[in-house]
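This report refers to the structure that appears directly beneath it.
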Amino acid sequence: MNDFGFEAVRTVDVVVIGAGQAGLSAAFHLRRSGLEPDRDFVVLDHAPHPGGAWQFRWPSLTYGKVHGIHALPGMELTGADPARPSSEVIGAYFDTYERTFDLRVHRPVDVTAVREGEGGRLRVETSEGVYATRALINATGTWDRPFWPRYPGQETFRGRQLHTAGYPGPETFAGQRVLVVGGGASGTQHLMEIAEVAAETTWVTRREPVWREGPFGEAEGRAAVALVEDRVRRGLPPQSVVSVTGLPLNDAIRAARARGILDRLPMFDRITPTGVAWDDGRTVDVDVILWATGFRAAIDHLAPLRLRESGGGIRVEGTRAVLDERVHLVGYGPSASTIGANRAGRAAVSDIRRLLRRERVAAPTG
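The sequence shown begins at 1403 in this note's numbering and counts up one residue at a time.
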């Protein structure tokens, strides 16, 4: 509210929510198309520093262990020390990128809701005030919505439970019996690190892990993305691209399998005060349960727009929400990879520029 009791609303053409890979890519293309930050568009990020979700990654995830970061448009990431934590490398890279292209990211800013506004604009409600925008690029990723499965007896467990989102690195598990739940890349990475210091490790997954031999080329990548894209097009919640590509077999994985570290057990049926149990009578006592069970899209702030389909997801064509052409989702579903996020940012801006031009032509003249 201003001094007169009226609500102050800032008017822009485009609001970008999130300043990770997808959001920065979109901001770059908005600027390159002639739009001016803080006049025509604004980038809002709830994180305290540049780096997107990478700034929250555990210190032992060094840059050399990352599967690959595709450079942001217009600036390569070169000369990074592979032994340095990826949070530091990518945080510094994103910081330099934001300053080089003068993207003027607002942070920390929390977006609480996006709803229908006045005059055909979207109303974006945030911790720094309200924005009225003609188009929205949502690039909020998944890090803020860790998925915790529920199992009978979970509340009775007397040990420690944590999620990948709060993983501190292997040192805190020294001498403990640790259960890792989840068959993705994070689960295997956690398990191999923790096994070096823990008294004992156990690995459980809902499905048998799929190990991928040989190179993963462009054709395989396109096929994997197409599977994820099909779900999004049908309005189903997106799966990660990794979930359809399988886990790559490298030397570290082979060594861990040879040592028995990656001997997987099927998912348990219940949690006990001292561990987990299966209906066949098997039990395992543990001190820690680490849930490496993935994340879900952080899109609750879009709920007032009623974009979700009966299947639980938002139906998207390219990056555009089918139920509202003003809303674009980047880093969602098939674009939830660094190279996919770059392409999605460019595609979203291209679509939005067409929308803005169409609105200007249709606007009545005085």
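Note that the Cβ used here is the ideal one computed from N, Cα and C, for glycine as well.
**OP:** Evaluate residue 1612 with the Cβ neighbour count: other Cβ atoms within 10 Å of its Cβ, from every protein chain shown; 16 or more gives buried, anything less gives exposed.
**Re:** The residue in question, residue 1612, is exposed, as its Cβ has fewer than 16 Cβ neighbours within 10 Å.
Subject >> Opening and closing residue of the alpha helix (DSSP H) in which residue 1659 lies >> reply: Taken as a continuous stretch (DSSP letters only), the alpha helix (DSSP H) holding residue 1659 covers 1653-1660.
Original post:
Apart from the five residues on each side of it in sequence, which residues of its chain come closer than 6 Å, Cβ to Cβ, to residue 1669?
Top reply: Here the set comprises 1606, 1608.
Original post:
Can you name, in chain order, every residue of its own chain whose Cβ lies under 7 Å from the Cβ of residue 1761, other than the five neighbours on each side?
Top reply: Non-local beta-carbon contacts of residue 1761 in its own chain, meaning distances under 7 Å to residues more than five positions away in sequence, involve 1536 in chain order.
Original post:
When you compare only the Cα positions, how much space is there between residue 1411 and residue 1438?
Top reply: Each residue's Cα considered, the two are about 18 Å apart.
Subject >> Proximity below 8 Å, CB of residue 1428 to CB of residue 1751 >> reply: The beta carbons of residue 1428 and residue 1751 sit closer together than 8 Å.
Subject >> Cβ pair residue 1512, residue 1528 closer than 8 Å >> reply: The Cβ-Cβ distance between residue 1512 and residue 1528 falls below 8 Å.
Subject >> Presumed contact (8 Å Cβ cut-off) between residue 1555 and residue 1685, rounded CB distance >> reply: So it is not a contact: roughly 12 Å between Cβ atoms.
Subject >> Element boundaries [alpha helix (DSSP H), containing residue 1499] >> reply: Counting along the chain, the alpha helix (DSSP H) containing residue 1499 begins and ends at 1488-1502.
Subject >> Inter-stretch contact (C-beta, 8 Å, three-pair minimum) for the region 1489-1502 and the region 1459-1467 >> reply: With a cut-off of 8 Å, the region 1459-1467 and the region 1489-1502 count as touching, because enough Cβ pairs lie within range.
Original post:
Which residues in the same chain as residue 1572 place their Cβ atom closer than 7 Å to its Cβ, once the five residues preceding and following it in sequence are excluded?
Top reply: Cβ within range, chain order: 1462, 1595, 1596, 1598, 1599.
Subject >> Close Cβ partners of residue 1757 (< 8 Å) along its chain, the five nearest in sequence each way excluded >> reply: Closer than 8 Å at the Cβ level, and outside the excluded window around residue 1757, lie 1536, 1537, 1727, 1728.
Subject >> Selected residue, minimal CA-CA separation from residue 1662, among 1590, 1671, 1706 >> reply: Of the listed residues, the one whose Cα sits closest to residue 1662 is 1590.
Original post:
Ends of the alpha helix (DSSP H) at residue 1595?
Top reply: 1587-1596 is the span of the alpha helix (DSSP H), which, as asked, contains residue 1595.
Original post:
To the nearest whole angstrom, what separates the beta carbons of residue 1721 and residue 1681, a pair I think is in contact under 8 Å?
Top reply: The Cβ separation is near 44 Å, so there is no contact.
Subject >> Sequence-distant residues of the same chain with beta carbon closer than 7 Å to residue 1496, five excluded per side >> reply: Counting only Cβ-Cβ distances below 7 Å, and skipping sequence neighbours, we find 1426, 1452, 1453, 1454.
Original post:
Can you list, in chain order, the residues of its chain whose CB lies under 6 Å from that of residue 1717, leaving out five sequence neighbours each side?
Top reply: Closer than 6 Å at the Cβ level, and outside the excluded window around residue 1717, lie 1637, 1711, 1724.
Original post:
Under three-state DSSP, which class holds residue 1613?
Top reply: Residue 1613: strand per DSSP, three-state reduction.
Original post:
Cα separation between residue 1424 and residue 1746?
Top reply: Residue 1424 and residue 1746: Cα-Cα distance of roughly 7 Å.
**OP:** Measuring alpha carbon to alpha carbon, tell me which of 1586, 1601, 1563 ends up nearest residue 1577.
**Re:** Of the residues 1586, 1601, 1563, the one whose Cα lies closest to the Cα of residue 1577 is 1601.
Subject >> Neighbourhood of residue 1614 by C-beta, 7 Å cutoff - its chain only, sequence neighbours within 5 removed >> reply: Excluding positions up to five away in sequence, the list reads 1647, 1648, 1649, 1650, 1651.
Original post:
Taking the DSSP output, what are the residues bridged to residue 1650?
Top reply: Residue pairing from DSSP places residue 1650 in a beta bridge opposite 1614.
Original post:
Under a three-way DSSP split, which group does residue 1409 fall into?
Top reply: In the structure shown, residue 1409 sits in coil (DSSP, three-state: anything other than H, G, I, E or B).
Original post:
On the three-state DSSP scale, how would you describe residue 1748?
Top reply: It is helical.
Subject >> residue 1443 - containing beta strand (DSSP E), residue span >> reply: Residue 1443 -> beta strand (DSSP E) spans 1443-1446.
Original post:
residue 1519 and residue 1639: beta carbons closer than 8 Å?
Top reply: Their beta carbons are not under 8 Å apart, which means residue 1519 does not touch residue 1639 by this criterion.
**OP:** Along the beta strand (DSSP E) that carries residue 1730, what are the first and last residues, could you check?
**Re:** For residue 1730, the enclosing beta strand (DSSP E) stretches over residues 1726-1731.
Original post:
Between residue 1730 and residue 1533, what straight-line distance do the alpha-carbon atoms span, to the nearest angstrom?
Top reply: The alpha-carbon atoms of residue 1730 and residue 1533 are separated by roughly 17 Å.
Original post:
If we call anything under 8 Å between Cβ atoms a contact, is residue 1475 one with residue 1443?
Top reply: Contact: no.
Original post:
Between which two residues does the alpha helix (DSSP H) carrying residue 1433 extend?
Top reply: It spans 1423-1434 - the alpha helix (DSSP H) in which residue 1433 sits, taken as one unbroken run.
**OP:** Flag this pair as yes or no: are the beta carbons of residue 1506 and residue 1440 separated by less than 8 Å?
**Re:** In this structure, residue 1506 sits near residue 1440, with a CB-CB distance shorter than 8 Å.
Subject >> Neighbourhood of residue 1514 by C-beta distance below 8 Å, restricted to the same chain and skipping five residues each side >> reply: Cβ neighbours of residue 1514 within its own chain (closer than 8 Å, five residues either side excluded): 1527, 1528, 1529, 1703.
Subject >> Sequence-distant residues of the same chain with beta carbon closer than 6 Å to residue 1691, five excluded per side >> reply: Closer than 6 Å at Cβ, skipping near neighbours: 1563, 1581.
Original post:
Mind checking residue 1683: buried by the 16 CB within 10 Å criterion, or exposed?
Top reply: Counting the other Cβ atoms within 10 Å of the Cβ of residue 1683 gives fewer than 16, which makes it exposed.
Original post:
Could you give the distance in angstroms between the alpha-carbon of residue 1521 and the alpha-carbon of residue 1707?
Top reply: The alpha-carbon atoms of residue 1521 and residue 1707 are separated by roughly 16 Å.
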